[in-house]
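For the sequence shown, position 207 matches number 235 in my numbering, and the numbering has no gaps at all.
From the three backbone atoms N, C-alpha and C, an ideal C-beta is built for every residue, glycine too.
Working notes for the structure below.
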Amino acid sequence: MSIKKLAGPVLVGLLLVQLVPGTATAADGLAWQPCRTIADGWPAEDQRTECAMITVPVDYTKPDGRTFELAVSRIRATGGRDGVILVNPGGPGAYGMSMPRELLASKAAGLGVHHDIVGFAPRGVGYSAGLSCPQDNTQPDPSLSDKEKARFKSERDARHYQDCVARDPEFTANLTTANVARDMDRIRQALGEEKIGYYGISWGTALGAQYRTLFDEHVAAMLLDSVVTSTFDLTAVDHDQMTALENSFHDFTGWVAGNDHVYHFGATKEAVTNALLDLRAKATDRNTVDSLLLGARRKWPESARQLVKLRSGGEVPSVVVSTRTGFGWDDPNPAFNPDQQNAVICNESSGPRDFEAHWRNHLALSAELPVAGSHGSYDGYCAGWPLPATTWHFKPGKSPLQLVGHAYESVTPLPWAHDMRAHIGGSLLTIEDDMHGSLSILPCASKAVEFFDIGKTSNATCPGAPIPPAAQARTPLWR
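And the structure:
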C-alpha cells in the first residue's frame, strides 16, 4: 500500500512508511495495520489505532477516471460491538485521523465500548493526497489606509487561489462537501457496514447533513455538534458571527458590572459599557483592546484584569483579535490544510467575489456592530476564486438525528442550529457555554453515548463550564 500521487505537483500526501502491499477498494475491505508502524509521525505509544487506505475516484461523475488513496483510521470497540461511528473534527481542512484517539480520551469515551470509532483524512488533507500550494505571506505597507491594506491582501489571495487551482483544476474543483460525503460512503462499503453512525463537529456538521441528504438509508444515528448554518452565504456568516460576538461584549459588561467591587468600571451595564468604550477609543492598539472585550467567557476574569491594567496606564501583551477560528476543533496534528479549506469554502459558498462589494459590506457591518463588526473575515474570503460555486442544499431524512448547539458561541452561533433543524429535522440539545464543539469534554457527553447506544435523543439544556469567579484574579486590581 502506498500513497498514490496524482498527476502534477499539487498533491503531496504525508508519507506512510513500512506499507502493506495493495490498497483496498470499496469492494475489497480495508487492510488494517497499526498506525504507529505505517504512518509517518504517528505517536509510538498509541497501541490501539489502526490505519488503512482506500482508493476513491477524484470525480464521482467519472468513476472510471483518476483515483487517489484516502486514509482511514480505526479504534475497535472494547465491548460487545454494535456497529461503527465515523467521526470528523471540522475545518474544512482538518485532519481527522487522530480524532478517534482524541474522542476516546474524553468524557465521550463510552462511545467506544460498543462501536468501532473510525476517522479519516478528507480528500486534499494529510495522507489523503494533501493539497499543497506555495504560500505568499507578504504583508501590506503599514502606511496604507485600511481599505488599501484590505485590497492588497485580497489581490494577494486571489493570485494564490488562481495559482493553486491551475496546478490541478480537476482535483481542486472536486474538493466539495458532497464529494467528501461520497468518500464516506465508500468507507462504509469497505467496512462492510449497511449503516454507519456519524459524529461531526462544526464543518463536520455540514458534512453529516450532506451525507444524510445523499445516503439517509445508510445512517444508523447521527450527532452534529456546533451546527453550521444550512445556507453557506459568507456575508451572512460574518453578520451572524459578529452579532454573536457583539452580544458577548454586552454580556461581559453585565458581568463586570456585577463585580464592580473588584474591577470598579461601574455598577450598571450602561456605566461599564461607556467606560470600556471610552478606554477603547483612547487606546493606541485597538485590536488588543477588542481581543479583551470580545474574549471567551472562561477568560473574562483575566480580560477584566488586563482592562484595569490598561486603565491604570499599564501595558498588556499585544494581541490581534482573531474571530475566524475556522469550522473545527483543536486538532493537534499539523496536517491541517488551508489550501483544502480554501477550495471547499470557495467551491460551495455564496457571497461577494469582488473587493468593492466586500468593502461595502465590511463598512456596513462595522457601523451596525461597533465593537465586533470590523472583525468579520469571511465576507470577501473568496474574491478572485476562479471556479464557479455550487452551494449546499440539504434535505430532511428519517434516520435518528441529534443536533447540539451552544448558547453563547460565536463560531457557530446557536441560531444556526435552529436553522439547520428547520431544514433537516432532529432534536436539539443546547449547551450553556460559548465553546466550540465542547460536548465531548463536558459531563453531558453521556447524552451522546446514550444516543448512539440506545437511540435516545434530547431537547434538554446542559450546563457548560462555569465562568471563573472574579476573585480568582492573580494581582490586586484597585489601588
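Excluding the 5 residues preceding and the 5 following residue i in the sequence, name in chain order all residues of the same chain whose CB lies nearer than 7 angstroms to its CB.
{"i": "Phe175", "result": "Contrary to the premise, residue 175 reads as Lys rather than Phe in this sequence. For Lys175, where only same-chain residues beyond five positions count, the Cβ hits under 7 angstroms are Trp387."}
{"i": "Gly140", "result": "Ile103, Ala105, Thr106 and Leu132"}
{"i": "Asp551", "result": "The structure shown does not extend to residue 551, since the chain is modelled only from 29 through 507, so no value can be given for it."}
Whose C-beta lies closer than 6 angstroms to the C-beta of residue i among residues of the same chain, with five residues either side of it excluded?
{"i": "Asn202", "result": "Val86 and Asp87"}
{"i": "Leu98", "result": "Ile82, Val84, Ser156 and Asp211"}
{"i": "Asp144", "result": "Arg102, Arg104, Ala105 and Val112"}
{"i": "Gly147", "result": "Ser101, Val115, Gly124, Met125, Met127 and Pro128"}
{"i": "Ala136", "result": "Ser468, Ala473 and Ala476"}
{"i": "Leu431", "result": "Leu252, Val255, Ala445, Arg449, Gly454 and Leu456"}
{"i": "Val260", "result": "According to the sequence as given, residue 260 is Phe; it is not Val. The residues are Glu376, Ser377, Thr419 and Trp420."}
{"i": "Gly492", "result": "Ile459, Glu460 and Asp461"}
{"i": "Leu335", "result": "Leu320"}
How would you call residue i, buried or exposed, if buried means at least 16 neighbouring beta carbons within 10 angstroms?
{"i": "Ile482", "result": "exposed"}
{"i": "Asn165", "result": "exposed"}
{"i": "Ala395", "result": "exposed"}
{"i": "Glu274", "result": "buried"}
{"i": "Thr489", "result": "exposed"}
{"i": "Ala498", "result": "buried"}
{"i": "Gln167", "result": "exposed"}
{"i": "Gly50", "result": "For Gly50, the predicted structure reports a pLDDT of 42, less than 50, and the residue's modelled location is therefore unreliable. A value from the coordinates is still provided. Its Cβ having fewer than 16 others within 10 Å, Gly50 is exposed."}
{"i": "Thr296", "result": "exposed"}
{"i": "Ser514", "result": "With the chain covering 29 to 507 only, the question about residue 514 has no answer from this structure."}
{"i": "Gly425", "result": "buried"}
{"i": "Ala311", "result": "exposed"}
{"i": "Pro416", "result": "exposed"}
{"i": "Asn487", "result": "exposed"}
{"i": "Arg109", "result": "exposed"}
{"i": "Ser171", "result": "exposed"}
{"i": "Gln163", "result": "exposed"}
{"i": "Pro150", "result": "buried"}
{"i": "Pro494", "result": "exposed"}
{"i": "Ala72", "result": "exposed"}
Just list the residues that DSSP pairs residue i with in beta bridges.
{"i": "Val112", "result": "Asp144"}
{"i": "Arg102", "result": "Glu78 and Val146"}
{"i": "Val153", "result": "Answer is none; Val153 lacks a bridge partner."}
{"i": "Glu221", "result": "Glu221 pairs with nothing; no bridge assigned."}
{"i": "Asp17", "result": "The structure shown does not extend to residue 17, since the chain is modelled only from 29 to 507, so the question has no answer here."}
{"i": "Cys63", "result": "None, per the DSSP bridge assignment."}
{"i": "Ser378", "result": "Asp261"}
{"i": "Pro85", "result": "Thr95"}
In its own chain, which residues sit with a C-beta less than 8 angstroms from the C-beta of residue i, not counting the 5 before and 5 after it?
{"i": "Cys161", "result": "Val38, His188, Asp191, Cys192, Arg195 and Asp367"}
{"i": "Thr204", "result": "Val372, Asn375, Glu376 and Thr418"}
{"i": "Pro441", "result": "Asp268, Gln269, Thr271 and Ala272"}
{"i": "Pro362", "result": "With a pLDDT of 47 at Pro362, under the threshold of 50, the predicted position of this residue should be treated as unreliable, though the coordinate-derived value follows. None."}
Rounded to the nearest angstrom, how far is the Cβ of residue i from that of residue j, given a contact under 8 angstroms?
{"i": "Phe277", "j": "Leu322", "result": "6 angstroms"}
{"i": "Ile229", "j": "Pro117", "result": "5 angstroms"}
{"i": "Leu307", "j": "Arg339", "result": "6 angstroms"}
{"i": "Ala209", "j": "Leu235", "result": "6 angstroms"}
{"i": "Leu456", "j": "Gly433", "result": "6 angstroms"}
{"i": "Thr233", "j": "Gly379", "result": "Their Cβ separation, rounded to whole angstroms, is 20 angstroms, which puts Thr233 and Gly379 out of contact at 8 angstroms."}
{"i": "Asp227", "j": "Tyr239", "result": "Strictly speaking, residue 227 in this sequence is Tyr, with Asp absent from that position. At roughly 12 angstroms, the Cβ-Cβ gap does not stay under 8 angstroms, so Tyr227 and Tyr239 are not in contact."}
{"i": "Phe383", "j": "Ala400", "result": "Not confirmed; about 22 angstroms, so no contact."}
{"i": "Thr281", "j": "Thr301", "result": "5 angstroms"}
Would you mind listing the alpha helix (DSSP H) stretches within the stretch 162-215 that are 4+ residues and don't spill past its ends, in chain order? 174-195 and 197-201
In chain order, which alpha helix (DSSP H) runs of at least 4 residues are fully inside the stretch 261-349? 262-286, 288-291, 297-310, 314-321 and 328-339
Tell me the start and end of each unbroken alpha helix (DSSP H) in the stretch 410-468 that is at least 4 residues and wholly inside, in chain order. 442-452
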